[in-house]
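This report refers to the structure that appears directly beneath it.
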């Protein structure tokens, strides 16, 4: 019975997720030229990944973005979730504000990315403000087509992926626990540090898994908002794909895939996500 | 920290409320700017000031001048796809959600495969599917490889929402129904489904919008035609004009309509449930 109910999910994942990854793995050992790919068992594609000096640059750029975005989204997501759960007094307000936060998540990421252009450009709104307030004599150039723009867009798009699981965790914290701590004389800071933070860690972990992997997997936001100046690991793979260099692209994919799986594995060792969602 | 109504609010409340307001401004500000700029005058540029107002950019979206792709067809295609993906996501996820309430062989493996599909860099999934189709001599197309690629994204999300709703479902209702002689189908139709219905609408909403906006998994798998996000991508990499903002306004309006409908339906259900009869304790 259970198996029949789970079979459609298993089938779709098998055909469109597991099998394709097997194809990627197999092709990563293939030979290729300008015209086609040829079955083979070569380790050259992997040797290229590990010996290329660019690999290290790409990975350090990818991790740089991931770490910065993770830090910002944890901080912002935690404060937003904490405010909604512990400071908003009525359920109606809480739900209303939560919906307000969530609405942008349901709109196009592509458009949300583009919407930063008129804001950050040389003649954009932020520069108008900066010039009007005489904070700078010339327009700031680092705002658009830069790492700054890329990170702003990531934070804009991904913060709710962090905040939502944290809200979910916090909503399960027994309010009596908080009252008891307060009655015993704990300050708000102590309550946050000793109760709220430890009991929200599952939400932080789930959110981190989403934010880190989404940042590491991106190739179009970084392309558009860095103006083509920055590239992460997946950007490089996308370039190889557009040049039809499938085997080396496959080998790079397998390497990053292992990195992502290890990363997520470590995060999930900290929490039991399934129990977290159901509990 | 939360205090009882009537008590004065702590200072931290005002700090956090200001922070929260700034966060909302950050979330909505750029969207609002796009919306305003999409009505930019005919001689206006990509940023303020507005040189008058016009509907020129919307007209260009609809026109067949070749300056932009065939937007109306792409929009229609994306909507069809989103409806299909949403329906499949609901059926498959609710079914799987029911299965996961019991232990069954491979349950853990299946769950972690779904999680893996969620965290996998999207480009790899599209690449793998395109590669597989190529090796097998099949053609990629919108409703085969394209749909499959999108499901690898909508299903794990849908499954998480389903867990969050079915996981909180009180099994005793079901046991009571069984004791009263209900069949498995009756149990599902008359007990489980009505109770989890708001969650089901949520899953449908996720399925729809995630498919409607999906880009990285679709890029290599939809075949010869474009979905709306792919058209937007093509426009982004080509010359940028306020047409892009007009398109942003159109697609955001579509998202808002769907979202409003879903929220209204869920709200109605919850209200009817709490008002119509006494809540079972």
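Residue numbers (the numbering used here), protein chains in the order written: chain A, -16 to 262; chain B, 19 to 299. Using N, Cα and C, we set each Cβ at its ideal position, and we do this for glycine too.
Short Cβ contact (8 Å threshold) for residue i with residue j
i	j	result
residue 7/A	residue 41/B	no
residue 91/A	residue 247/B	yes
residue 217/B	residue 180/B	yes
residue 52/B	residue 249/B	no
residue 252/B	residue 87/B	yes
residue 264/A	residue 212/A	In the structure as shown, chain A starts at -16 and stops at 262, and residue 264/A therefore has no counterpart that could be examined.
residue 221/B	residue 176/B	yes
residue 0/A	residue 108/B	no
residue 153/A	residue 183/A	yes
residue 86/A	residue 136/A	no
residue 163/B	residue 145/B	no
residue 174/B	residue 136/B	yes
residue 138/A	residue 56/A	yes
residue 262/B	residue 202/A	no
residue 66/B	residue 94/A	no
residue 235/A	residue 221/A	no
residue 160/A	residue 140/A	no
Straight-line Cα distance separating residue j from residue i
i	j	result
residue 296/B	residue 201/B	Because residue 296/B carries a pLDDT of 46, less than 50, the predicted location of this residue cannot be relied on, and no value is offered for it.
residue 34/B	residue 64/A	10 Å
residue 225/A	residue 51/A	29 Å
residue 111/B	residue 29/A	38 Å
residue 38/A	residue 210/B	52 Å
residue 19/A	residue 27/A	17 Å
residue 299/B	residue 214/B	Confidence is the limiting factor: at residue 299/B the pLDDT is only 39, short of 50, which leaves the residue's position unreliable, though a coordinate-based value still follows. One C-alpha to the other measures close to 17 Å.
residue 105/A	residue 199/A	28 Å
residue 66/A	residue 31/B	8 Å
residue 100/B	residue 174/A	44 Å
residue 98/A	residue 275/B	20 Å
residue 29/B	residue 165/A	16 Å
residue 149/B	residue 94/B	27 Å
residue 59/B	residue 74/A	44 Å
residue 17/B	residue 228/B	Residue 17/B falls outside the range modelled here, since chain B spans only 19 to 299, and no answer is possible.
residue 253/A	residue 292/B	38 Å
residue 183/B	residue 117/A	53 Å
residue 188/A	residue 251/A	7 Å
residue 147/B	residue 3/A	5 Å
residue 277/A	residue 254/B	Since the first residue shown for chain A is -16 and the last is 262, residue 277/A is missing from the structure and cannot be characterised.
residue 194/B	residue 205/B	10 Å
residue -9/A	residue 47/A	39 Å
residue 150/A	residue 212/B	26 Å
residue 123/B	residue 191/A	29 Å
residue 196/B	residue 288/B	26 Å
residue 158/A	residue 286/B	29 Å
residue 80/A	residue 89/A	15 Å
Close Cβ partners of residue i (< 7 Å) along its chain, the five nearest in sequence each way excluded
i	result
residue 195/A	49, 53, 246
residue -16/A	none
residue 61/B	69
residue 45/A	199, 215, 216
residue 266/B	52, 56
residue 74/B	60
residue 42/A	216
residue 206/A	218
Spatial neighbours of residue i in its chain, beta-carbon cut-off 6 Å, leaving aside the 5 residues before and after
i	result
residue 76/B	264
residue 280/B	219, 223
residue 72/B	59, 60
residue 240/A	none
residue 122/A	105, 110
Close-in-space but distant-in-sequence residues of the same chain around residue i (CB under 8 Å, 5 per side omitted)
i	result
residue 25/B	none
residue 23/A	12, 13, 14
residue 134/A	48, 51, 52, 55
Interface residues of chain E facing residue i [CB-CB closer than 8 Å]
i	result
residue 149/B	Here the protein chains are A and B, and chain E is not one of them.
Original post:
Of all the residues that make up the region 98 to 109 of chain A, which are near chain B by a beta-carbon distance shorter than 8 Å?
Top reply: 98, 99, 100, 101, 102, 104, 106, 107, 108
Original post:
Using a Cβ cut-off of 7 Å, which residues of the region 6 to 28 of chain A contact any Cβ in chain B, in chain order?
Top reply: 6, 7, 10
**OP:** Compile a chain-ordered list of the residues in the region 30 to 58 of chain B whose CB is closer than 8 Å to at least one CB of chain A.
**Re:** 30, 31, 34, 35, 37, 38, 41, 42, 44, 45, 46, 47, 48, 49, 51, 52, 55
Original post:
When the Cβ atoms of the region 166 to 180 of chain B are set against those of the region -10 to -3 of chain A, are three or more pairs found closer than 8 Å?
Top reply: yes
**OP:** Using a Cβ-Cβ cut-off of less than 7 Å, list which residues of the region -8 to 7 of chain A approach chain B; keep chain order.
**Re:** -8, -7, -5, -4, -2, -1, 0, 1, 2, 3, 4, 6, 7
Original post:
Do the region 166 to 186 of chain A and the region 109 to 119 of chain A meet, that is, are 3 or more Cβ pairs less than 8 Å apart?
Top reply: no
Subject >> Contact set between the region 129 to 145 of chain B and chain A, restricted to residues whose Cβ is under 9 Å from the partner >> reply: 129, 130, 131, 132, 133, 134, 135, 136, 137, 138, 139, 140, 141, 142, 143, 144, 145
Original post:
Between the region 235 to 245 of chain B and the region 43 to 52 of chain B, do at least 3 Cβ pairs fall closer than 8 Å?
Top reply: no
Original post:
Going along the chain, which residues of the region 245 to 258 of chain B sit with their C-beta nearer than 7 Å to a C-beta in chain A?
Top reply: 247, 250, 251, 254
Subject >> Cβ contact (3+ pairs, closer than 8 Å) linking the region 148 to 156 of chain B and the region 114 to 130 of chain B >> reply: no
Subject >> Interfacial residues, the region 224 to 235 of chain A to chain B, with Cβ spacing under 9 Å >> reply: 224, 229, 232, 233
**OP:** Determine which residues of the region 266 to 279 of chain B have a Cβ less than 7 Å from any Cβ of chain A, and write them out in chain order.
**Re:** 266, 269, 270, 273, 277
Original post:
Looking at chain A, which residues of the region 60 to 79 of chain B have a Cβ within less than 7 Å of any of its Cβ atoms?
Top reply: 64, 65, 66
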